[in-house]
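*Asks:* The UniProt record's numbering puts the first residue of the sequence shown at 1, with every later residue one more than the last.
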Amino acid sequence: MTSFHKLQAVVNNLEDAHEQIDTAISTALKESKPVYISISCNLPSIPHPTFSRHPVPFFLSPKLSNQMTLEAAVETAAAFLNKSVKPVLVGGPKMRVAKACEAFVELADACGYPVAAMPSAKGLVPEHHSRFIGTYWGAVSSPFCAEIVESADAYLFAGPIFNDYSSVGYSLLLKKEKAIIVQPDRVVIGNGPAFGCVLMKDFLHALGTRLKKNTAAYDNYSRIFVPQGEPLSSAPGEPLRVNVLFKHIQKMLSGDSAVIAETGDSWFNCQKLKLPEGCG
Numbered sequence: 001m002t003s004f005h006k007l008q009a010v011v012n013n014l015e016d017a018h019e020q021i022d023t024a025i026s027t028a029l030k031e032s033k034p035v036y037i038s039i040s041c042n043l044p045s046i047p048h049p050t051f052s053r054h055p056v057p058f059f060l061s062p063k064l065s066n067q068m069t070l071e072a073a074v075e076t077a078a079a080f081l082n083k084s085v086k087p088v089l090v091g092g093p094k095m096r097v098a099k100a101c102e103a104f105v106e107l108a109d110a111c112g113y114p115v116a117a118m119p120s121a122k123g124l125v126p127e128h129h130s131r132f133i134g135t136y137w138g139a140v141s142s143p144f145c146a147e148i149v150e151s152a153d154a155y156l157f158a159g160p161i162f163n164d165y166s167s168v169g170y171s172l173l174l175k176k177e178k179a180i181i182v183q184p185d186r187v188v189i190g191n192g193p194a195f196g197c198v199l200m201k202d203f204l205h206a207l208g209t210r211l212k213k214n215t216a217a218y219d220n221y222s223r224i225f226v227p228q229g230e231p232l233s234s235a236p237g238e239p240l241r242v243n244v245l246f247k248h249i250q251k252m253l254s255g256d257s258a259v260i261a262e263t264g265d266s267w268f269n270c271q272k273l274k275l276p277e278g279c280g
């Protein structure tokens with residue numbers, strides 16, 4: 001039940017059943033997360049006037065950005081990033097609920113910045129992207145990823161969550177004055193202005209049209225990057241090693257796969273997997 005922490009609807013009577021079910025479905029659609037609906041077994045066959053004979057199509061009122069605020073946020077962010085020397089992009093887990101993954105990729109294609117993902121956003125940022133540099137996770141980042149992100153003079157985080165786990169005990173070497181934090185409906189730029197009522201996907205899409213191409217940070221990454229080697233094959237009868245196990249798991253992955261990693265060693269090791277296009 002803890003998996004359904006967004007909403008649990010337990011329907012015990014018909015008076016508010018319609019409202020409970022609608023609320024659960026709308027929450028699942030808006031938050032892009034599972035909800036739990038439990039209906040007592042004696043209720044489905046009982047008619048009630050709140051349930052019409054012919055179903056009415058379900059519709060959610062769309063959220064819209066405030067256009068004046070959006071324009072101001074884009075103008076300020078573009079000026080901030082265009083004057084930087086080696087900016088980077090980092091994708092976070094809230095891109096999913098904001099439905100901004102495609103807009104994030106469009107921005108990455110337009111600006112030329114290197115692209116990293118936070119650990120809980122693995123699978124949201126396409127790892128087949130030509131400028132993908134791995135997982136940014138402080139001291140346990142992908143090789144050479146932390147060096148590029150933390151040495152940048154500007155970084156845009158799209159939908160981040162900074163907690164004790166994702167920040168490795170709040171040890172990330174990031175500076176607020178260098179950061180643009182884009183949340184699902186809010187943008188904060190450095191130590192300066194904050195803009196509300198701005199949807200992430202609208203902001204990222206508009207920002208991509210205003211940025212100058214800058215590949216300096218990715219050029220630095222290309223100069224220092226050394227590909228990882230292959231683990232040695234196990235000798236006959238030798239106990240199975242973790243690196244050999246994940247070598248076989250890597251070969252099993254395809255675009256139709258989904259990887260579910262439990263917190264702990266498996267999460268750290270799964271961060272090293274290279275997810276093919278379509279795999280999440």
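Here a beta-carbon is modelled for each residue, glycine too, at the ideal position from N, C-alpha and C.
Per the DSSP calculation, Ala154 is bridged to which residue(s)?
*Replies:* The partner list for Ala154 (beta bridge, DSSP) is empty, contrary to what the question assumes.
*Asks:* In whole angstroms, what separates the C-alpha of Tyr221 from that of Ile148?
*Replies:* 7 angstroms
*Asks:* Only counting the same chain, and skipping five residues up and downstream in sequence, which positions put a Cβ closer than 7 angstroms to that of Asn269?
*Replies:* Val242 and Phe246
*Asks:* As a quick exercise: from Gln228, Trp137, Ala206 and Ser266, pick the residue whose alpha carbon is nearest that of Gly169.
*Replies:* Trp137
*Asks:* For Cys41, does the count of other Cβ atoms within 10 angstroms reach 16, so buried, or fall short, so exposed?
*Replies:* exposed
*Asks:* Can you tell me the Cα-Cα spacing of Pro34 and Ala216, whole angstroms?
*Replies:* 41 angstroms
*Asks:* Taking Arg223 as part of the alpha helix (DSSP H), name the residues at either end of that continuous run.
*Replies:* Ala216 to Ile224
*Asks:* Within the same chain, show all residues whose beta-carbon is closer than 8 angstroms to that of Leu29, passing over the 5 residues directly before and after it, in chain order.
*Replies:* So the list reads Leu60, once near-sequence residues are dropped.
*Asks:* Please go through the same chain and pick out, in chain order, the residues whose beta-carbon is closer than 7 angstroms to the beta-carbon of Lys274, but skip the five residues on each side of it.
*Replies:* Glu127 and Gln250
*Asks:* Tell me which residues share the same chain as Phe225 and place their Cβ nearer than 7 angstroms to its Cβ, disregarding the 5 neighbours each side in the sequence.
*Replies:* Phe144
*Asks:* If you compare alpha carbons, which of Pro276, Ala152 and Val125 is closest to Lys178?
*Replies:* Ala152
*Asks:* Under the three-state reduction of DSSP, which class applies to Gly112: helix, strand or coil?
*Replies:* coil
*Asks:* Along the chain, which unbroken stretches of the beta strand (DSSP E) at least 3 residues long are found entirely within the UniProt domain "Thiamine pyrophosphate enzyme central" (74-192)?
*Replies:* 88-91, 115-117, 132-135, 155-158, 179-183 and 186-189
*Asks:* Give me whichever residues DSSP pairs with Val10 in a beta bridge.
*Replies:* Ser38
*Asks:* From Pro114 to Pro57, what distance separates their C-alpha atoms?
*Replies:* Approximately 43 angstroms, taken between the alpha carbons.
*Asks:* Determine, using beta carbons only, whether Leu204 and Leu70 come nearer to each other than 7 angstroms.
*Replies:* no
*Asks:* Hey, could you find the ends of the beta strand (DSSP E) Phe195 is sitting in?
*Replies:* Residues Ala194 to Gly196.
*Asks:* Could you spell out where the alpha helix (DSSP H) holding Lys33 opens and where it closes?
*Replies:* Careful: Lys33 lies outside any alpha helix (DSSP H) and carries neither H nor E.
*Asks:* Distance check for Asp265 and Ala235, CA to CA, integer angstroms please.
*Replies:* 24 angstroms
*Asks:* What separation, rounded to the nearest whole angstrom, lies between the Cα atoms of Glu75 and Arg53?
*Replies:* 51 angstroms
*Asks:* Identify whether Thr263 lies in helix, strand or coil by the three-state DSSP scheme.
*Replies:* coil
*Asks:* Sort Pro62, Arg223 and Gly190 by Cα distance to Ala78 and report the nearest one.
*Replies:* Gly190
*Asks:* Should Ala158 and Phe104 be called a contact, given that it needs their Cβ atoms to be closer than 7 angstroms?
*Replies:* yes
*Asks:* Do Pro160 and Met118 come within 7 angstroms of each other at the CB atom, strictly closer than that value?
*Replies:* The answer is yes: Cβ separation under 7 angstroms.
*Asks:* Using C-beta distances below 6 angstroms, list every residue in its chain close to Thr50, excluding the 5 sequence neighbours before and after it, in chain order.
*Replies:* Taken in chain order, the residues that qualify are His18.
*Asks:* What separation, rounded to the nearest whole angstrom, lies between the Cα atoms of Cys101 and Met95?
*Replies:* Their backbone Cα atoms lie some 6 angstroms apart in a straight line.
*Asks:* If you reduce the DSSP assignment to three classes, tell me which class Glu230 lands in.
*Replies:* In the three-state DSSP reduction, Glu230 falls in the coil class, being neither helix nor strand.
*Asks:* Return yes when the Cβ of Ala116 is within less than 7 angstroms of the Cβ of Ile133, no when it is not.
*Replies:* For Ile133 and Ala116, yes; Cβs fall inside 7 angstroms.
*Asks:* Which of the three DSSP states is assigned to Cys270 in this structure?
*Replies:* helix
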